[in-house]
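Our numbering runs 1371 ahead of the 1-based position in the sequence shown.
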Amino acid sequence: MHFRALAVLCCTALLAACGSDRPNTEQAPVAAPSKVAKKAQPLGPLPVYQRELSGTLLNIPAGADVELALLVIDERDRPQQLLASSSLTGTGQDLPYQLRFNPEAFPAGARVELRGRASSSGQLIMHLPPVRIVQAQNQATGPLRFEKAP
């Protein structure tokens, strides 16, 4: 009986210590989500086990979210495997990009394409016509022009 009384007393003391008479009104201020332009960070030297596609994206509006993807495409024009991807934010000027990938993941004989899309406020506004990538080597695609989305 003495042990039960001690256990009840300990539980009551624990509940009293965890409880509070006044509610916590101090909360961390909630920051409104803001669009901070992502600048293309220099990636540093290219490791020997990677290859890189690079070039410039033209006509990207300021603030647009740009996604680039290097994809393996099947005979029905459907993406089957993602080899590399990159996200950038438009500046209203030509936008340089670097897309690094593992050449060992590049399937021999398969169709590989660079695809891209630009969106603003979650709505697709532009897309990049598919660019065929034939070999798993460093390549400069040059300037790529996005087209208005239908």
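The C-beta atom is built at its ideal place from N, Cα and C for all residues, glycine as well. Remember, it's a predicted structure, so these values are computed and weren't measured experimentally.
- The beta-carbon distance between residue 1456 and residue 1438, rounded to whole angstroms, is 7 Å. This is short enough to meet the 8 Å contact definition.
- With fewer than 16 other beta carbons inside 10 angstroms of its own, residue 1419 counts as exposed.
- Residue 1483 has its alpha-carbon roughly 19 Å from the corresponding atom of residue 1428.
- Nearest to residue 1444 by C-alpha distance, out of 1486, 1421, 1473, is 1486.
- Counting only residues of its own chain and dropping the five nearest sequence neighbours on each side, residue 1495 has a CB closer than 8 Å to the CB of 1488, 1489, 1520.
- Residue 1423 is a Cβ neighbour of residue 1471, given a cutoff of 7 Å.
- The three-state secondary structure of residue 1423, taken from DSSP, is strand.
- Just measuring C-alpha positions, the residue of 1478, 1458, 1491, 1477 sitting nearest residue 1469 is 1458.
- When only Cα atoms are considered, residue 1481 and residue 1442 end up about 10 Å apart.
- The beta carbons of residue 1491 and residue 1435 sit closer together than 7 Å.
- One Cα belongs to residue 1507, the other to residue 1450, and the distance between them is close to 18 Å.
- Judged by DSSP secondary structure, residue 1482 falls within the beta strand (DSSP E) whose first and last residues are 1482-1491.
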